[in-house]
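Structure first, commentary second.
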Amino acid sequence: MPRALRYQYPGAVYHLMARGDGGKAVFETDEDRKGFLFRLGKICESHGWRVHAWVLMNNHFHLLVETPEANLVSGMKLLLGTFSQGWNRRRMRHGHVFQGRYKSIPVNASDSDPYYFKIVADYIHLNPARAGLAGGKKGKLLGYRWSSLPSHARGNGPDWLDTGRLLRAFELAGDGRGRRAYVAWMEARASCGGKIDEKAMKALRRGWYLGEAAFGDRLLDMLKKPSAKKSRASEAPKAHGVAEAERLASEAMKRLGLPADPKELAKLRKGDGRKVLVACLLRQRTTAGNPWIAERLAMGHSGSVSRLVVAATKHSQTMRELEKLAKLLKCDT
Numbered sequence: 036m037p038r039a040l041r042y043q044y045p046g047a048v049y050h051l052m053a054r055g056d057g058g059k060a061v062f063e064t065d066e067d068r069k070g071f072l073f074r075l076g077k078i079c080e081s082h083g084w085r086v087h088a089w090v091l092m093n094n095h096f097h098l099l100v101e102t103p104e105a106n107l108v109s110g111m112k113l114l115l116g117t118f119s120q121g122w123n124r125r126r127m128r129h130g131h132v133f134q135g136r137y138k139s140i141p142v143n144a145s146d147s148d149p150y151y152f153k154i155v156a157d158y159i160h161l162n163p164a165r166a167g168l169a170g171g172k173k174g175k176l177l178g179y180r181w182s183s184l185p186s187h188a189r190g191n192g193p194d195w196l197d198t199g200r201l202l203r204a205f206e207l208a209g210d211g212r213g214r215r216a217y218v219a220w221m222e223a224r225a226s227c228g229g230k231i232d233e234k235a236m237k238a239l240r241r242g243w244y245l246g247e248a249a250f251g252d253r254l255l256d257m258l259k260k261p262s263a264k265k266s267r268a269s270e271a272p273k274a275h276g277v278a279e280a281e282r283l284a285s286e287a288m289k290r291l292g293l294p295a296d297p298k299e300l301a302k303l304r305k306g307d308g309r310k311v312l313v314a315c316l317l318r319q320r321t322t323a324g325n326p327w328i329a330e331r332l333a334m335g336h337s338g339s340v341s342r343l344v345v346a347a348t349k350h351s352q353t354m355r356e357l358e359k360l361a362k363l364l365k366c367d368t
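Here this note's numbering is used: the first residue of the sequence shown is 36, the next is one more, and so on.
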């Protein structure tokens, strides 16, 4: 099944979500939660993002994010990558923290028709109530610390949280009165379990976008532009390059005695000399990038691969070993 496309364009608004690998808990401690929010703030600063709503649950997160520039992919790569590094480092472990690819649903967030924007914000803020963590006998929804609702109630959240657009979407004043009205509306719904009405849930479950059909058509039209065609046309060469990189990686690992099992491979040091040698080979002989190599060889962040490869290729002994390995593999093909 082909990967879902990432729609990137200036001014886009997305509902973003990712779950823990295998459903495991991701936000186990306050340090985990604060670390994620700290990194989110850094991404907003470097990429110009504006967050309109967020919630951290035990094993997943939801964000309602606006990207003034078309830079969703680079921002999410950095956010999830740096968070995962810190998460693993604190636990002295390796491997994935999040399950597969994150979900990114473009949202029709037109000021003239904010219906879908409101759906996502409500869905996010009512998550703790639906999970039985707040609302009713569990106490006020506002008492759940790890969402943007308390900041919306105070009107003084972090710089990267935009508390104004949400109130405008609900046609509420941008003052204390408007904030109290929004919170009261959320609390009333939380007291009933935080349910989302059937029409809204149907829209949320539609799939790859959130909006009217015309909005989906506009997204599809983006793929017909020359830049999009060029991008799609390049997918075949990329697939070929990955296939060749996988073949070469598998053969080189076998030659060097590296385990084929990803779990066993991850137990070895990221900078294991054999891993570095394979990484050097892949960088020289294939089009595979550092992110792919880092994941394939369990070498951590792509930046680590770059540093290790640069350092290794400065040593004559490594270059001799690399040349020998390349000749051996060429003889096998």
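Virtual Cβ for every residue (Gly too), placed ideally from N, Cα, C.
These figures come from a predicted structure and were not determined experimentally.
Limits of the beta strand (DSSP E) - the one that residue i falls within
i      : result
Pro185 : Not the beta strand (DSSP E): Pro185 falls in the alpha helix (DSSP H), residues Leu184 to Arg189.
Arg85  : Arg85 to Leu91
Ser139 : Lys138 to Pro141
Leu98  : His95 to Thr102
Selected residue, minimal CA-CA separation from residue i, among the options
i      : options                           : result
Gly46  : Gly211, Arg189 and Val142         : Val142
Ser81  : Pro294, Asp148, Met111 and Lys237 : Met111
Gln138 : Leu168, Ala169, Tyr151 and Leu98  : Gln is not the amino acid found at residue 138; the sequence shown has Lys there. Closest option to Lys138, Cα to Cα, is Leu98.
Ser145 : Cys315, Lys302, Phe205 and Asp307 : Phe205
Met127 : Thr353, Ala301 and Glu330         : Ala301
Asp210 : Trp195, Cys227, Ala188 and Leu196 : Ala188
Leu51  : Phe250, Ser119 and Val86          : Val86
Thr327 : Gly116, Glu101, Gly55 and Asn94   : The displayed chain sequence assigns Trp, not Thr, to residue 327. Checking every option, the nearest Cα to that of Trp327 belongs to Gly116.
Tyr158 : Ala329, Leu255, Asp232 and Val313 : Asp232
Leu386 : Ser339, Leu196, Cys79 and Ala314  : The requested residue 386 does not occur in the structure, where the chain is confined to residues 36 to 368.
Gly246 : Leu258, Ile154, Leu184 and Gly213 : Ile154
Leu332 : Met236, Asp148 and Pro297         : Pro297
Ile140 : Ser119, Ser341, Leu114 and Glu101 : Glu101
Pro103 : Arg241, Cys79 and Leu312          : Cys79
Asp307 : Thr64, Ala329 and Pro149          : Ala329
Ala60  : Gly229, Val132, Leu283 and Gly292 : Val132
Leu316 : Ala280, Leu303, Ala346 and Lys305 : Ala280
Val108 : Arg68, His336 and Leu40           : Leu40
Leu293 : Arg309, Gly229 and Arg304         : Arg309
Pro149 : Ala248, Leu258, Thr321 and Leu202 : Leu202
Leu196 : Gly76, Ala249, Arg318 and Leu312  : Gly76
Three-state secondary structure (DSSP) of residue i
i      : result
Pro45  : coil
Phe205 : coil
Arg241 : coil
His160 : helix
His275 : Model confidence at His275 stands at a pLDDT of 46, short of 50, so the residue's coordinates are unreliable; what they give is reported in the following sentence. Helix.
Ala268 : Any reading at Ala268 must be qualified, since the residue scores a pLDDT of 38, below 50, and its modelled position is unreliable; the value itself is stated next. Helix.
Arg54  : strand
Phe152 : helix
Leu196 : strand
Opening and closing residue of the alpha helix (DSSP H) in which residue i lies
i      : result
Phe250 : Ala248 to Met257
Gln120 : Leu107 to Arg126
Glu66  : Asp65 to His82
Ile231 : Premise fails: Ile231 is in no alpha helix (DSSP H) and is neither H nor E.
Gly302 : The question names Gly, yet the displayed sequence has Lys at residue 302. First-last of the alpha helix (DSSP H) with Lys302: Pro297 to Lys302.
Gln319 : Gly308 to Arg320
Ala347 : Ser337 to Ala347
Gly167 : Premise fails: Gly167 is in no alpha helix (DSSP H) and is neither H nor E.
Gly211 : Gly211 to Ala225
Trp327 : Asn325 to Arg331
Buried or exposed by the 16-neighbour rule on C-beta atoms within 10 Å, applied to residue i
i      : result
Leu72  : buried
Pro193 : exposed
His350 : exposed
Gly288 : Sequence check: residue 288 is Met here, not Gly. That one is buried.
Leu363 : exposed
Gly57  : exposed
Ala271 : With a pLDDT of 40 at Ala271, under the threshold of 50, the modelled position of that residue is not reliable, and no figure is offered here.
Gln352 : exposed
Asp256 : exposed
Lys237 : exposed
Tyr217 : buried
Met35  : Since the displayed the chain opens at 36 and closes at 368, residue 35 lies outside it and no answer follows.
Ser147 : exposed
Asp65  : exposed
Ala223 : exposed
Val48  : buried
Arg282 : exposed
Ala53  : buried
Val345 : exposed
Ala248 : exposed
Distance between beta carbons of residue j and residue i, contact taken as under 8 Å
i      : j      : result
Gln43  : Ala88  : The pair is not a contact, with the Cβ atoms about 20 Å apart (cut-off 8 Å).
Val277 : Trp181 : With a Cβ gap of about 38 Å, Val277 and Trp181 do not count as contacting.
Tyr179 : Pro163 : 4 Å
Gly121 : Gly70  : 5 Å
Gly380 : His95  : Absent from the structure is residue 380, since the part of the chain shown begins at 36 and ends at 368.
Ser226 : Gly174 : Contact doesn't hold; Cβ gap of about 10 Å is too wide.
Met92  : Leu161 : Contact flag wrong, Cβ pair sits at about 12 Å.
Leu360 : Arg290 : 7 Å
Leu114 : Arg74  : 6 Å
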